[in-house]
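Colleague: The letter at position 18 of the sequence shown is residue 566 when you use my numbering, and the numbering goes up by one with no holes.
Below: one structure in structure tokens.
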Amino acid sequence: MTTTAQGYGIEATLTNESLHVRALSKLFAFALTGPDGTSEVTIPLSEIAAAHHRRPPKRVLMTVNGMLDVTTVGGKRYQMHYRARKNRDFGVLADAVVAAVTPAQSA
């Protein structure tokens with residue numbers, strides 16, 4: 549199973565083993581990884597300590613967007629934003645990440 553979706557300046561791909569996030573420009577690479585400016589990040593699902601999906605309300609307003617917040621076991625935090633009104637695919641990907649991580653937390 550592979551799911552790919554685009555958010556604000558990023559493209560995220562979820563596989564059975566990992567979440568791969570690629571920044572689409574230098575500006576978004578800085579927003580994704582900070583000063584090191586790495587434009588691609590691969591996070592094994594086993595290394596994700598927590599994943600939260602802030603869903604927009606059912607009736608989406610222009611200013612309300614969604615966000616996937618991922619924290620690794622090592623304490624690194626990644627926030628991936630998406631425009632909810634025009635991009636429901638990223639919401640599906642975010643739900644899949646949370647579902648993939650949640651069983652590992654309870655084991």
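Cβ atoms here follow ideal geometry from the backbone N, Cα and C, with glycine treated the same way.
Around the C-beta of G585, are 16 or more other C-beta atoms found within 10 angstroms, so that it is buried, or is it exposed?
Modeller: By the neighbour-count rule (16 or more Cβ atoms within 10 Å), G585 is not buried but exposed.
Colleague: Nearest by alpha-carbon distance to A553: which of A647, N635, V646 and A648 is it?
Modeller: Closest by alpha carbon: N635.
Colleague: Please name the residue or residues paired with E559 in a DSSP beta bridge.
Modeller: DSSP, once it has assigned bridges, lists Q554 and R570 as partnering E559.
Colleague: Please go through the same chain and pick out, in chain order, the residues whose beta-carbon is closer than 6 Å to the beta-carbon of A655, but skip the five residues on each side of it.
Modeller: Any reading at A655 needs caution, since the residue's pLDDT is 42, under 50, leaving its predicted position unreliable; the model's value is listed next. Hits under 6 Å: none found.
Colleague: Alpha carbon to alpha carbon, how far is G555 from G639? Give it in angstroms, no decimals.
Modeller: Straight-line Cα distance between these residues: approximately 9 Å.
Colleague: Among K624, H629 and A599, whose alpha-carbon lies nearest the alpha-carbon of N613?
Modeller: Ranking the options by Cα distance to N613, first place goes to H629.
Colleague: Have a look at V589, E565, S566 and N564 and flag the residue whose alpha-carbon is nearest the alpha-carbon of F576.
Modeller: For F576, the nearest C-alpha among the options comes from V589.
Colleague: With a floor of 3 residues, list each beta strand (DSSP E) that falls wholly inside the region 583-645, ordered by position along the chain.
Modeller: DSSP runs (the beta strand (DSSP E)) wholly in the region 583-645: 588-592, 596-602, 614-620 and 625-630.
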